[in-house]
Amino acid sequence: MAVQTDLQNRTERTLGSSSWIGRLRALDLSSPRHADKLGYILLAPAVLLIFVILVYPILLSVDLSLQDVDIPRIGETREPYTLDNYTKLFGSAEFWRASWVSLKLIVVVTSACFAIGLATALLVNQHFKGRTLARLFVALPWAVPEVIAVVTWWWMFDSSFGLINWLLVTLDLADKPIAWLSQPVPAFLVVSIVMIWKGYPFVSIMLLAGLQAIPEDHYQAAKVDGAGAWQRLFWITLPSLLPVFGVTMILVVLWVFRDFAVVFILTGGGPIGATQTLSMMTYEQAFGFFRMGFASAIGVVTLVICVLATRLMVSRMAKSMY
Amino acid sequence: MRRTIPQSVLLYVTVILTCALLLFPIYWMFVTAISPSAQLRAFPPQIFPDAPQWQIFQQILETRPMLLWLSNSALAATAAVLLSMSVSVFAAYSLSRFRVRGGQTLGLFILVSKMLPATLLVIPLFAIFREFRLIGSLWSIILAHSTLIVPFSTWMLKGYFDSIPRELEQAAMVDGCSQLGALFKVILPVATPGLAATALYGFVLSWSDFIYARTFLTVEQTKWTANMGIASLKGEFITDWNEIMAASLMAAIPIVIVYMVLERYLVGGLTAGAEK
Amino acid sequence: MAEMRLEGVRKVYGGAVVALDDFSLDVADGEFVVFVGPSGCGKSTALKIIAGLEPATSGRVWIGDRDVTEFAPARRDIAMVFQNYALYPHLSVRSNIAFGLRMRHQPRVEIDRRVQEVARILDIESLLDRRPRALSGGQRQRVALGRAIVREPQAFLMDEPLSNLDAKLRVHMRAEIGALHQRIGVTTIYVTHDQTEAMTMANRIVLMRNGVVQQVADPDTMFEQPANAFVAGFVGSPAMNFFQSRLTKGPDRPVIEFGDATLPVQLAPDIFARYAEQDVLVGLRPEHMSIGNGTHSTVVRPNLVESLGSERYVYFPVPTANTVGHATFVSQDEDRRANTMIARLMNVGRIEEGAPLPLSFEPDRIHLFDPASEQAIN
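Chains as they are written, first to last, in the working numbering: chain L, 299 to 620; chain X, 27 to 302; chain E, 164 to 541.
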């Protein structure tokens with residue numbers, strides 16, 4: 299104690315400062331002693347905003363899913379807790395059908411996105427003049443807002459004057475124009491095609507980055523060992539891409555699973571529920587039928603599936619890599 | 027490794043065909059926009075328009091509040107980016123440089139929130155905005171888009187800050203800066219490309235949104251965003267496809283330009299927070 | 164310019180990992196002190212605490228007559244040179260050097276004058292308008308030095324400033340930093356893991372290991388009178404040889420055995436009494452052996468001979484009776500295998516591997532260490 303006061307006296311004498319300046323100086327956030335406090339201060343606004351626009355709404359939606367409520371009012375006395383929404387949900391055929399549609403969509407869209415994405419990535423990874431431009435073009439659909447992609451394809455699939463129908467009829471692949479959006483299978487196909495067109499550039503960009511990270515000497519070594527082009531693809535390129543594959547796959551699956559705009563604008567989930575995904579069902583229940591408690595329950599289930607699926611895929615991938 | 031001439035030709039043909047096939051919808055958007063309405067209902071379709079109708083763009087600006095919709099989109103995107111970045115720059119810096127208790131938890135939460143389905147979040151947000159009478163106001167989508175931009179930009183910027191050596195701000199502090207001074211005078215200028223890429227990416231996220239605009243802005247046409255407007259142009263029975271395609275082009279061009287600028291930084295943005 | 168004082172500085176990470184333990188040191192005004200030790204020894208932590216970039220868990224730091232323990236780095240009036248130079252990539256060389264002066268609101272004319280002068284001293288005038296990324300490693304190093312000296316601070320702190328340079332340039336810059344210190348005479352603390360740098364540059368060396376100061380001494384003392392086996396093994400290249408031997412009473416002085424050689428050692432009688440008839444750790448520098456038969460010699464069989472032109476490094480196995488069971492002081496020289504010795508022989512002819520080679524020793528240069536504590540005993 300005595301030592302400390304002595305030190306303080308010396309400090310203040312040498313600074314020639316009165317005690318309030320000393321105290322102010324002690325608040326200097328750049329001093330090594332207080333550096334951590336600055337960390338909290340810098341984080342505070344973000345934490346506050348995240349609480350207001352994310353944490354509270356999530357809690358609210360979980361809360362809503364546990365009430366029998368149509369259009370909630372904040373501040374009103376809440377309805378009593380009930381698991382009705384969840385029991386109703388798991389008992390409804392509509393929910394299971396929507397899950398099935400979501401799953402089909404994920405499988406179709408993800409695999410097609412990977413096929414096109416990998417092919418284009420390998421293509422523009424070649425050395426040739428103008429490949430910068432080719433790279434830019436190959437992934438351009440990424441930049442087209444979803445709504446615009448949807449209306450463009452819609453026009454191309456128009457049953458009366460659409461380009462696709464004309465092409466199919468002209469090439470004798472169909473004997474009469476197809477009413478794409480009013481039949482279950484074709485409607486599902488159109489939804490898939492739009493999503494594939496919006497989704498493959500992401501895969502392409504990611505895989506291209508992965509390809510460029512493969513050191514050139516791996517290929518040199520393989521060539522010295524006498525590996526042909528296909529062997530190099532299977533023994534070096536694809537295995538090296540595996541980690542990127544994993545991350546990309548998770549992101550694509552999550553995107554397909556949660557996407558809403560494509561289905562909503564194109565089909566609204568129809569015809570007869572053929573394109574009704576879980577996301578679409580959530581939105582329709584909430585803002586079509588104003589059953590927000592029930593809709594929240596679907597949304598919460600969707601979120602839980604997302605988190606579980608991600609965790610599952612991450613751990614699987616981690617295992618397959620080691 | 028040298029290619030033979032046939033190999034080169036094959037490569038170029040493949041590249042050109044691939045691009046042509048994949049970009050055809052964009053080309054078709056363009057052709058449709060500038061074709062006369064009558065031609066759109068004719069068979070065979072005109073792949074190369076012989077009588078381009080450039081006045082369609084002018085026409086759509088005169089008959090539809092397209093300019094207003096575009097400026098609403100721009101306004102909302104700019105405000106959402108500014109709001110989000112003004113908190114996430116500091117948060118990302120803090121997560122990158124300080125040992126903050128709960129920082130890990132925050133990072134984890136941000137990751138989870140990136141998995142959040144918009145169709146779930148839109149419900150409580152609707153309830154909240156209705157309470158605060160924000161429905162129909164641009165503020166509703168500015169806040170809603172921030173739910174997308176804050177998590178992603180925090181992660182992306184943290185990545186950028188992590189790549190800047192700590193010694194840089196240590197040097198600045200020894201040279202006479204405070205910790206915040208070092209951030210503003212050294213770290214942020216050095217991170218400018220990263221900041222710009224993050225901001226542009228956030229802009230794209232906001233500009234491309236449909237669900238929040240569709241839910242919160244239905245009241246007044248004058249408050250709609252470009253995407254809302256375009257979706258509304260699709261009529262139940264009759265659609266002026268050249269009009270809708272012209273509007274689409276106008277709404278897509280800003281994002282395409284952003285994409286051209288952003289391309290180099292895209293991977294960082296796309297994967298922000300994906301690998302931990 | 165100022166003296167510097169560390170009082171019982173301690174740094175503990177996460178409540179358990181001791182990075183720096185009770186570090187006290189007085190640095191005289193104008194002194195060039197080198198902190199040296201293997202990586203993780205706490206030398207950089209100590210420097211960061213002095214700079215104010217990291218808080219000390221306890222203890223105090225004085226620069227001049229100010230207790231700066233709680234001061235932000237900006238207020239400590241020090242300059243620092245970093246291993247990666249940490250030049251501001253968005254600023255020209257000129258602005259990099261001027262940055263510290265600008266932060267201190269010096270008049271523009273004064274800044275320009277001082278930047279010019281520093282650039283002249285360091286011979287980088289032609290680079291002033293370039294960006295750091297357009298500079299070579301050596302040029303960056305000079306700019307980093309320029310940024311430090313332009314401030315005319317109380318002290319320089321240098322954190323392994325030469326380790327990113329290639330070997331030749333390193334030797335050159337070493338001399339140049341030495342000359343610069345001679346010229347401006349600012350108190351300097353210099354951190355390195357390279358004992359050669361420490362030996363050539365320092366007025367005083369602080370040798371550290373696992374957060375604990377092993378010895379503080381000028382280079383010659385550290386070389387000739389190492390405080391313990393770790394210091395002995397760290398300083399000098401090739402590193403000191405170690406072997407184990409029983410300490411017994413000889414005809415006039417205590418003796419140790421090496422192979423069939425009996426070597427007399429100097430030892431105070433009371434110390435000898437404590438270690439008599441016990442094993443001790445013996446240290447012998449490679450340069451304190453020579454070829455040929457002498458009063459104290461033995462015959463070894465080299466298993467490797469390296470020629471460096473004027474000198475040869477002869478590797479030979481330690482006689483079985485002399486092998487060291489365990490050694491915690493493990494030499495920093497990773498190529499050294501356990502229980503191999505090196506003799507550094509000057510101006511000798513061809514030496515056959517595997518052929519018998521007579522070696523003689525200088526008994527006066529033998530170091531003895533306690534086998535358990537590894538502290539020097541003679």
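No residue lacks a Cβ here, since even glycine has one placed at the ideal position from N, Cα and C.
All of these numbers come straight from a predicted model, not from anything done at the bench.
- Here residue 460 (chain E) is bridged, per DSSP, to E:523.
- Contact between the segment 400-411 of chain L and the segment 195-211 of chain X is absent: fewer than three C-beta pairs spanning the two stretches fall below 8 Å.
- Residue 452 (chain L): member of the alpha helix (DSSP H) spanning 444-454, first to last residue.
- By the neighbour-count criterion, in which a residue is buried when 16 or more other Cβ atoms sit within 10 angstroms of its Cβ, residue 174 (chain E) is buried.
- Around residue 173 (chain X), the same chain offers 147 as residues with beta carbons nearer than 7 Å, after the five sequence neighbours per side are excluded.
- Each of E:244, E:323, E:317 was checked against the Cα of residue 306 (chain E), and the nearest Cα belongs to E:244.
- In this structure, the CA atom of residue 117 (chain X) is about 15 Å from the CA atom of residue 333 (chain L).
- Think of a sphere of 9 Å around the beta carbon of residue 87 (chain X): no beta carbon from chain E falls inside it, the nearest being about 42 Å out.
- For residue 198 (chain E), the enclosing beta strand (DSSP E) begins and ends at 195-199.
- Taking CB atoms only, residue 217 (chain E) has a neighbour in chain L less than 7 Å away.
- Neighbours of residue 235 (chain E) in chain L, taken as residues whose beta carbon is under 7 Å from its own, are 326, 328, 329 in chain order.
- Nearest C-alpha to residue 574 (chain L) among L:349, L:400, L:443, L:374: L:400.
- Counting along the chain, the unbroken alpha helix (DSSP H) around residue 151 (chain X) starts and ends at 144-157.
- Burial check for residue 34 (chain X): the Cβ neighbour count within 10 Å stays below 16, so the residue is exposed.
- Linking residue 375 (chain L) to residue 365 (chain L) through their CA atoms gives a straight-line distance of about 11 Å.
- Only 169, 170, 172, 173, 176, 177, 180 from the segment 166-180 of chain X bring a Cβ to less than 9 Å from some Cβ of chain L.
- Three or more Cβ pairs drawn from the segment 491-501 of chain L and the segment 447-454 of chain L lie within less than 8 Å of each other, which places the two stretches in contact.
- When only Cα atoms are considered, residue 48 (chain X) and residue 418 (chain L) end up about 10 Å apart.
- One finds nothing in chain L with a Cβ atom closer than 8 Å to the Cβ of residue 243 (chain X); even the nearest lies about 13 Å away.
- With the rule of 3 Cβ pairs closer than 8 Å, the segment 236-252 of chain X counts as touching the segment 82-97 of chain X.
- Taking C-alpha positions only, residue 435 (chain L) is separated from residue 43 (chain X) by approximately 12 Å.
- Going by beta carbons, residue 463 (chain L) and residue 482 (chain L) fall outside the 7 Å limit.
- Bridge pairing for residue 181 (chain E): E:175 [DSSP].
- At least one CB of chain X lies nearer than 7 Å to the CB of residue 580 (chain L).
- The alpha carbon of residue 451 (chain L) has as its nearest neighbour, out of L:612, L:578, L:560, the alpha carbon of L:560.
- In this structure residue 328 (chain L) is in contact with residue 205 (chain X), their Cβ atoms being roughly 4 Å apart against a cut-off of 8 Å.
- Secondary structure note for residue 436 (chain E): it is in no beta strand (DSSP E), and the uninterrupted alpha helix (DSSP H) holding it is 432-438.
- Here residue 529 (chain E) is not near residue 410 (chain E), since their CB atoms are 7 Å or more apart.
- With fewer than 16 other CB atoms across the displayed protein chains lying within 10 angstroms of its CB, residue 531 (chain L) is exposed.
- Counting only the Cα atoms, residue 284 (chain E) lies some 28 Å from residue 207 (chain E).
- In this structure residue 196 (chain E) is in contact with residue 366 (chain E), their Cβ atoms being roughly 7 Å apart against a cut-off of 8 Å.
- Look at residue 329 (chain E) here: in three-state DSSP terms it is coil, with no helix or strand label.
- Proximity to residue 454 (chain E) across E:430, E:511, E:467 peaks at E:511, based on C-alpha coordinates.
- Within chain X, no residue has its beta carbon less than 8 Å from that of residue 167 (chain E); the closest one is some 15 Å off.
- Sequence-ordered contacts of the segment 189-215 of chain X with chain E read 191, 193, 194, 196, 197, 199, 200, 201, 202, 203, 204, 212, 215 [C-beta pairs closer than 7 Å].
- Taking 7 Å as the CB threshold, residue 252 (chain E) lines the interface with chain X.
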